[in-house]
Amino acid sequence: MRGDQAVGEIYSLTLAAAAGAETDSILYGRYLDRYERRDGVWKFSHRQYLMDWNASPPRTVSWDQGVFALMQHRGGHAPTDAVYGLWGG
Numbered sequence: 000m001r002g003d004q005a006v007g008e009i010y011s012l013t014l015a016a017a018a019g020a021e022t023d024s025i026l027y028g029r030y031l032d033r034y035e036r037r038d039g040v041w042k043f044s045h046r047q048y049l050m051d052w053n054a055s056p057p058r059t060v061s062w063d064q065g066v067f068a069l070m071q072h073r074g075g076h077a078p079t080d081a082v083y084g085l086w087g088g
């Protein structure tokens, strides 16, 4: 942080499984962010995504069984994704 400016690095791991696909998608990357304080409120001024690694391994598990079955909150497609409620949609 320097005065009204700051920087940050956010790590991201994405696992994606398309219905009927024989492979899964795994992406690992980082967001490089710049923030500015405007009228006392911190806001993003710039965001860049860097993909550091990706793979498409053969599917070996069912995402609806085992430990994955315990995940009660999963992302979805609009408007079923929980972020729409967060945004007041």
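Reminder that position 37 of the sequence shown reads as 36 in numbering that gives the first Met the number 0, one-by-one numbering, no gaps.
Virtual Cβ for every residue (Gly too), placed ideally from N, Cα, C.
Beta-carbon to beta-carbon, H45 and R33 are separated by about 4 Å, close enough to satisfy the 8 Å threshold.
Straight-line measurement puts the Cα of W41 at about 21 Å from the Cα of G87. Here DSSP, grouped into helix, strand and coil, assigns V60 to coil. Counting along the chain, no alpha helix (DSSP H) covers G7; the unbroken beta strand (DSSP E) around it starts and ends at Q4 to A15. As DSSP reads the structure, Y34 sits in a beta bridge with A5 and F43.
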